[in-house]
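In terms of the working numbering, the sequence shown opens at residue 171 and continues consecutively.
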Amino acid sequence: GGGMANPFLNAVGVDIGRSLCEHEMAETAKEILAKAKDAGCDVVLPTDAVVARELAAGAATEVVSVKAVPAGQMILDLGPATAEHLARRLGDCATLVWNGPLGCFEVPPFDAATNTVARAAAALTREGKLLSVAGGGDTVAALAHAGVLDDFSYVSTAGGAFLEWLEGKTLPGVKALEDAA
Numbered sequence: 171g172g173g174m175a176n177p178f179l180n181a182v183g184v185d186i187g188r189s190l191c192e193h194e195m196a197e198t199a200k201e202i203l204a205k206a207k208d209a210g211c212d213v214v215l216p217t218d219a220v221v222a223r224e225l226a227a228g229a230a231t232e233v234v235s236v237k238a239v240p241a242g243q244m245i246l247d248l249g250p251a252t253a254e255h256l257a258r259r260l261g262d263c264a265t266l267v268w269n270g271p272l273g274c275f276e277v278p279p280f281d282a283a284t285n286t287v288a289r290a291a292a293a294l295t296r297e298g299k300l301l302s303v304a305g306g307g308d309t310v311a312a313l314a315h316a317g318v319l320d321d322f323s324y325v326s327t328a329g330g331a332f333l334e335w336l337e338g339k340t341l342p343g344v345k346a347l348e349d350a351a
């Protein structure tokens with residue numbers, strides 16, 4: 171979800187209107203989708219979205235299919251059907267790695283999808299059914315906004331370093347400690 175989904179939607183031919191998108195990443199997105207398919211992994215893309223002409227509290231919004239984003243509007247949050255779908259899918263997961271909010275959570279009502287999925291993940295974590303790992307400053311702020319930060323298994327504010335750690339790269343601070351030992 172969030173800005174990360176837009177290059178994937180763009181890559182599969184969806185017109186995302188004025189939404190934030192790294193269009194130059196379309197080929198990379200296609201490669202990722204192909205590799206995921208070959209590996210038998212699902213990449214869950216949004217089916218609906220909350221759109222508006224401007225990112226502002228109180229802006230006029232509507233929920234639309236991602237295949238019908240009106241010209242001149244921006245995707246600012248996942249739609250309720252997509253958020254509920256993601257929340258349900260968490261029930262089939264053993265581990266969640268979360269990096270990045272699902273919408274512009276800082277400006278209600280564009281926080282709804284992040285709140286829905288975060289609260290579902292937190293509930294599963296509290297029940298011992300999900301290991302939930304979250305990384306990045308925006309992610310941490312979004313989880314705090316949803317009121318579930320303390321319910322996640324592991325939280326890191328280091329977004330880039332968090333992703334590098336997941337990739338198995340040696341982090342400079344860790345290397346310095348290892349070298350000093």
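No residue lacks a Cβ here, since even glycine has one placed at the ideal position from N, Cα and C.
Here's the rule: buried if 16 or more other CB atoms are within 10 angstroms of the residue's CB, otherwise exposed. What is residue i?
| i | result |
| --- | --- |
| Gly187 | buried |
| Cys211 | exposed |
| Leu248 | buried |
| Ala359 | What the structure shows of the chain is the stretch from 171 to 351, and residue 359 is not part of that stretch, so it cannot be assessed. |
| Leu225 | exposed |
Would DSSP call residue i helix, strand or coil?
| i | result |
| --- | --- |
| Leu272 | coil |
| Ala219 | strand |
| Asp185 | coil |
| Gly306 | coil |
By how many angstroms is the C-alpha of residue j removed from the C-alpha of residue i?
| i | j | result |
| --- | --- | --- |
| Arg289 | Val318 | 6 Å |
| Val310 | Gly343 | 21 Å |
| Val267 | Ala229 | 31 Å |
| Ala328 | Thr217 | 30 Å |
| Asp185 | Ser235 | 11 Å |
| Asp262 | Ala350 | 43 Å |
| Gly305 | Asn269 | 5 Å |
Since residue i is in the alpha helix (DSSP H), which residue starts that stretch and which ends it?
| i | result |
| --- | --- |
| Thr284 | Ala282 to Arg296 |
| Glu201 | Ala196 to Asp208 |
| Val344 | Pro342 to Ala350 |
| Glu192 | Segment: none, Glu192 is in no alpha helix (DSSP H) and carries neither H nor E. |
Residue range of the beta strand (DSSP E) that residue i falls in?
| i | result |
| --- | --- |
| Val325 | Tyr324 to Ser326 |
| Leu256 | Looking at the DSSP string, Leu256 is not in any beta strand (DSSP E); the run it does join, the alpha helix (DSSP H), is Pro250 to Arg259. |
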